[in-house]
Amino acid sequence: MESAGAPTDQRSVRIEKMNTLRDAGILPYAERFEKTHMLAEAKVLADGTKPVRAAGRVIAVRGFGKLTFCHLLDFSGTMQFALQKNKLSGQFELFMKTVDMGDFVGIEGEIITTRTGEKTIDVSSWTFLAKSLRPLPEKFHGLTDQELVYRRRYLDLITSPEHMDRFKKRTQIIRTIRQFLDKNDFMEIDTPVLANKACGALAKPFITHHNALDIDVFLRIAPETYLKRAIAGGFERVYEFARCFRNEGLDASHLPDFTLLEYYCAYWNYEDNMNFTEQLIKHLLATVSGGLTLTYGGTQVSFDGAWPRISFRDLILKDCGIDINTCATKEDLLAQIKAKGIAFEGDVDIAHAGRGNLVDLLYKKVSRPALINPVFVIHHPLDLSPLARKNDANPQVVDRFQLVVNGWEIVNAYSELVDPLDQAQRFEEQARARAHGDLEAMEVDNDFLLCMEYGMPPISGWGMGIDRVVALLTNAPNLRDVVLFPLMRPE
RNA sequence: GCACCAUUAGCUCAGCUGGUAGAGCAACUGACUCUUAAUCAGUAGGUCUCAGGUUCGAAUCCUGAAUGGUGUACCA
């Protein structure tokens with residue numbers, strides 16, 4: 065019977081239950097609990113096994129008067145447990161009076177199989193471990209509001225096992241890559257996140273301030289130039305899972321902070337690197353997905369067989385009939401594009417794009433979307449690649465490749481530029497573009513140039529967007545779905 | 001950046017051309033020893049995202065804002 069002043073909202077009711085526990089001499093937040101089994105392990109034990117001690121969150125309660133079935137959730141999964149009044153006496157009533165869905169409990173009991181064939185822990189004693197003051201989301205639908213899924217990921221993880229599995233797979237993917245690199249004598253090293261120059265990629269950086277030094281510093285947009293400094297210092301194979309930051313638009317395929325894996329190998333060129341890339345990705349697929357094909361959003365992608373290698377020039381020639389090698393200037397190329405009747409979207413800034421950027425736009429328009437199965441696109445225009453080595457036969461292009469899958473650039477790699485005089489020239493060209501308003505162009509990095517003047521061996525370097533690879537391998541529609549706690553506006 | 005859509009109970013959702021707000025789960029009271037989205041009977045729960053406007057009357061129509069989603073353009 066509800067008296068006039070009794071609490072009605074669920075939080076107050078739960079706080080009341082904590083008082084009931086305290087009155088019974090029980091702390092609502094216990095100090096520790098010793099487990100013998102994860103639930104996934106307990107589930108495969110033979111009937112009669114005891115004692116089995118497990119702990120987790122109560123996610124379902126079905127009471128039958130003197131018998132109650134519950135489901136417990138731990139990191140390994142869920143399992144049913146049963147409480148019988150005639151075996152527990154007062155402990156049975158205490159459970160019914162004080163335990164809500166969402167609370168943590170520890171249980172000890174014996175493995176049985178119920179009439180409906182479900183492995184169950186028949187509880188002989190239980191321990192209150194932690195109170196939840198708020199009701200969990202409804203059990204059948206779980207959380208469907210995308211905003212709540214991102215803002216309260218912990219609830220999403222509790223109620224959506226398939227989302228929890230996706231994050232477990234993320235860790236497995238990273239672990240698999242790390243083990244593969246380690247086995248091939250690469251060393252994992254750490255390079256600065258805070259730096260004086262935002263170098264290594266074409267992107268707008270986040271700027272912050274260091275108080276003691278009283279200088280503005282940049283959050284890194286790529287680890288590239290520091291990893292190359294490490295090679296100059298004598299490392300021969302290095303890698304880093306580098307959290308990087310770019311102050312640009314965010315959408316389903318871009319995050320403000322993301323994980324970029326880069327590795328550098330002395331004495332390799334970009335072709336050695338392509339061979340290694342193919343091994344690495346195939347190993348990853350086989351280990352994590354159990355095969356060389358996957359389905360992403362209804363699209364079948366096959367990683368089987370040798371992956372084609374095709375140059376920027378050949379690809380564009382094949383897809384729209386324009387030979388970029390015969391277009392020496394931006395104007396020539398623009399005339400060809402007009403002649404072929406190819407139109408870019410309205411707000412693409414063609415007027416300010418250089419020849420290289422225009423080639424890139426053309427590629428993204430006519431070629432890239434059709435590349436579903438893995439393809440190595442090679443020999444990019446020089447002015448798109450300020451840190452890449454010129455091709456010896458054709459200095460208008462660089463020894464670079466991108467691995468394109470499902471229309472996404474998954475990997476970007478090249479034979480590194482190690483000639484300091486050439487590098488200085490490239491930086492100057494970037495600085496000119498910057499002066500003309502291109503905020504993504506690089507600044508001159510004299511410290512990096514100095515390092516290069518002391519000498520670097522031949523190097524091939526490589527970068528891969530981990531979040532995108534995880535999204536591809538877990539069929540996630542949005543990069544936020546593979547990041548536990550994505551940045552949101554404050555509520 | 002632009003366009004479109006969404007916002008109603010803790011969660012998942014109804015609510016028609018404007019007429020004082022509904023369900024399921026969760027909660028509360030009670031029944032029940034094999035259920036598993038348990039069932040049955042009863043009870044309680046609302047600043048309908050926010051601010052204006054139109055109207056006798058607004059969850060509903062109009063304007064603006066906030067937050068989120070999707071598409072689109074650029075950057076991985």
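No gaps in the numbering here: position 240 of the first sequence is 304 in our numbering, and each next residue is one more.
C-beta atoms are modelled at their ideal positions from N, C-alpha and C, and glycine is treated no differently.
Please read these numbers as outputs of a predicted model, since none were measured by experiment.
Counting only residues of its own chain and dropping the five nearest sequence neighbours on each side, R117 has a CB closer than 8 Å to the CB of F97, E98, K99, T100, H101, G170, I171 and E172.
Taking the C-beta atoms as reference points, A316 is found no nearer than 7 Å to I523. In the three-state reduction of the DSSP assignment, G154 falls in the helix class, which pools H, G and I.
In this chain, the alpha helix (DSSP H) harbouring M516 covers N510 to E517.
Excluding the 5 residues flanking it on each side, Q343 has no same chain C-beta neighbour closer than 6 Å.
Around C515, the same chain offers R293 and A296 as residues with beta carbons nearer than 7 Å, after the five sequence neighbours per side are excluded. When the beta-carbon positions are compared, Q494 and P459 stay at least 7 Å from each other. Taking one beta carbon from each stretch, the stretch 190-206 and the stretch 496-507 have fewer than 3 pairs nearer than 8 Å; the two do not touch. In this chain, the alpha helix (DSSP H) harbouring E395 covers K394 to A403. In the DSSP assignment, L245 forms no beta bridge with any residue. Remark: C-beta atoms of Y360 and N455 do not approach each other more closely than 7 Å.
Residue range Y334 to V352 is occupied by the alpha helix (DSSP H) that includes T351. Taking a C-beta distance under 7 Å as the contact criterion, T235 and V352 do not qualify as a contact pair.
Between L426 and I380, the C-beta gap is smaller than 7 Å, which places the two residues in contact.
Annotation for K382: the continuous alpha helix (DSSP H) segment containing it runs F376 to C384. Closest option to A535, judged by alpha-carbon separation, among N248, E105, T323 and S76: T323.
Q144 sits in a strand when the DSSP states are folded into three classes. Rounded to the nearest whole angstrom, the CA to CA distance from D246 to E252 is 8 Å. The shortest CA-to-CA distance from P92 to any of K130, T191 and T178 is the one to T191.
Beta-bridge pairing by DSSP links A452 to E480. Around the beta carbon of I279, a 10 Å sphere encloses fewer than 16 other beta carbons of the protein chains shown; the residue is thus reported as exposed.
For G170, the enclosing beta strand (DSSP E) has its first and last residue at F168 to T177. When F139, E157 and F145 are compared, the shortest CA-CA separation from T84 is found for E157.
In the three-state scheme derived from DSSP, where H, G and I count as helix and E and B as strand, P445 is classed as strand. P320 is the residue among T208, D229, P320 and W472 whose C-alpha sits nearest the C-alpha of I271.
Straight through space, the alpha carbons of C263 and P550 are spaced by roughly 25 Å. Here T289 is buried: its Cβ has 16 or more other Cβ atoms, across all protein chains shown, within 10 Å.
Within a 10 Å sphere around the beta-carbon of K81 sit 16 or more other beta-carbons, which makes this residue buried.
In this structure, DSSP gives M160 a helical state, which the three-state scheme calls helix.
In the three-state DSSP reduction, G529 falls in the strand class (E or B). In the assembly as shown, L422 is a buried residue. Its beta-carbon has 16 or more other beta-carbons within 10 Å. In this structure the stretch 393-407 does not lie against the stretch 436-444, because fewer than three pairs of beta carbons, one per stretch, are closer than 8 Å. If only uninterrupted beta strand (DSSP E) runs of at least 3 residues are considered, those enclosed by the stretch 261-337 are 271-274, 279-283, 301-309 and 321-330.
Distances from the alpha-carbon of V482 to those of M520, D511, L398 and R544 put M520 closest. The beta carbon of L548 lies closer than 7 Å to those of R217 and F231 in the same chain, with the five residues before and after it left out.
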